[in-house]
Amino acid sequence: AQKVTQAQTEISVVEKEDVTLDCVYETRDTTYYLFWYKQPPSGELVFLIRRNSFDEQNEISGRYSWNFQKSTSSFNFTITASQVVDSAVYFCALRRPRGEKLVFGTGTRLLVSP
Amino acid sequence: EPEVTQTPSHQVTQMGQEVILRCVPISNHLYFYWYRQILGQKVEFLVSFYNNEISEKSEIFDDQFSVERPDGSNFTLKIRSTKLEDSAMYFCASSDRESSYNSPLHFGNGTRLTVT
Numbered sequence: 326a327q328k329v330t331q332a333q334t335e336i337s338v339v340e341k342e343d344v345t346l347d348c349v350y351e352t353r354d355t356t357y358y359l360f361w362y363k364q365p366p367s368g369e370l371v372f373l374i375r376r377n378s379f380d381e382q383n384e385i386s387g388r389y390s391w392n393f394q395k396s397t398s399s400f401n402f403t404i405t406a407s408q409v410v411d412s413a414v415y416f417c418a419l420r421r422p423r424g425e426k427l428v429f430g431t432g433t434r435l436l437v438s439p
Numbered sequence: 153e154p155e156v157t158q159t160p161s162h163q164v165t166q167m168g169q170e171v172i173l174r175c176v177p178i179s180n181h182l183y184f185y186w187y188r189q190i191l192g193q194k195v196e197f198l199v200s201f202y203n204n205e206i207s208e209k210s211e212i213f214d215d216q217f218s219v220e221r222p223d224g225s226n227f228t229l230k231i232r233s234t235k236l237e238d239s240a241m242y243f244c245a246s247s248d249r250e251s252s253y254n255s256p257l258h259f260g261n262g263t264r265l266t267v268t
């Protein structure tokens, strides 16, 4: 069975601090797909990034970076120099090959205060 | 940028009533989904739909639920006889699967269903 664990339920930081959101996943598949979504207070789900299990190159995009470690089954997400607008719930999700559903973690609520 | 559109944004209904939640997926997408999120909880998969049929469904998606693509643009979720525990935010999503299974799902803004 597939499972995504986001152990951090809520994180509070002050603006301009760096923050890392943890995601640990479980799957028996050797190929799989990982995603991060953001849910701001307005409620919509916004796609942030995807990563294939066979692509272990980590990436930086502006203030966002991702650290995919297959050996530890982790797909962590870092926001550098956080801003108040980053306040949201962040969901990590897993998808198996030839499977339709995204399996979501329980989410991490990030509160960035001025 | 094209987006998934859901209507209504909020639906209030009485227990036992039928509701239809509507979605207009992104126009060139071929794969459609419904998810739900009970308040404060995680997002749960309900059903996926491709080529005019259900391709996968969860245990939540029982006989009270049905989906339909009545024309070339709309994708609906019907709940026949609503229960209090159906109160949740319902998200529609679509994807093009252009890049196989790593194509992201694009979600609508959701319909908040309140069953009283």
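Protein chains in written order, with our numbering: chain A, 326 to 439; chain B, 153 to 268.
Cβ coordinates follow ideal geometry from the N, Cα and C atoms, glycine included.
Evaluate residue i with the Cβ neighbour count: other Cβ atoms within 10 Å of its Cβ, from every protein chain shown; 16 or more gives buried, anything less gives exposed.
i, result
"Val-339 (chain A)", "exposed"
"Thr-102 (chain B)", "No answer is possible for residue 102 (chain B): the residues shown for chain B start at 153 and end at 268."
"Pro-177 (chain B)", "buried"
"Ile-231 (chain B)", "buried"
"Lys-235 (chain B)", "exposed"
"His-162 (chain B)", "exposed"
"Thr-433 (chain A)", "buried"
"Gly-192 (chain B)", "exposed"
"Arg-388 (chain A)", "exposed"
"Gly-168 (chain B)", "exposed"
Find the residues of chain B that neighbour residue i, judging by a C-beta separation of less than 8 Å, and give them in chain order.
i, result
"Glu-381 (chain A)", "Going along chain B, no residue has its Cβ under 8 Å from Glu-381 (chain A), so there is no contact; the nearest lies around 14 Å."
"Phe-416 (chain A)", "Lys-194 and Val-195"
"Glu-369 (chain A)", "Phe-259, Gly-260, Asn-261 and Gly-262"
What did DSSP end up calling residue i once you bin it into helix, strand or coil?
i, result
"Val-156 (chain B)", "coil"
"Thr-397 (chain A)", "helix"
"Glu-340 (chain A)", "coil"
"Leu-419 (chain A)", "strand"
"Leu-236 (chain B)", "helix"
"Ser-251 (chain B)", "Unreliable placement is indicated for Ser-251 (chain B), whose pLDDT of 48 sits below 50; the coordinate value is still reported in the next sentence. Residue state, collapsed to three classes: coil."
Just to make sure I have the definition right: I need the residues of chain B whose C-beta is within less than 9 Å of the C-beta of residue i. Which are they?
i, result
"Thr-431 (chain A)", "Gln-193 and Lys-194"
"Phe-372 (chain A)", "Pro-256, Leu-257, His-258 and Phe-259"
Run down chain B in chain order and give the residues with a C-beta less than 7 Å from the C-beta of residue i.
i, result
"Phe-360 (chain A)", "Pro-256"
"Leu-427 (chain A)", "Phe-197 and Leu-257"
Note down, in chain order, every chain A residue with its Cβ under 8 Å from the Cβ of residue i.
i, result
"Ser-179 (chain B)", "Within chain A, no residue comes near Ser-179 (chain B); the closest Cβ sits about 18 Å away, beyond 8 Å."
Contact between the region 356-364 of chain A and the region 409-424 of chain A: three or more CB pairs below 8 Å? Short answer: they touch.
Contact the region 389-401 of chain A vs the region 336-355 of chain A: 3+ CB pairs below 8 Å: Contact between the region 389-401 of chain A and the region 336-355 of chain A is present, because at least three Cβ pairs lie under 8 Å.
Closer than 7 Å, Cβ to any Cβ of chain B: which residues of the region 374-406 of chain A, in chain order? Flagged, chain order: Arg-375 and Asn-377.
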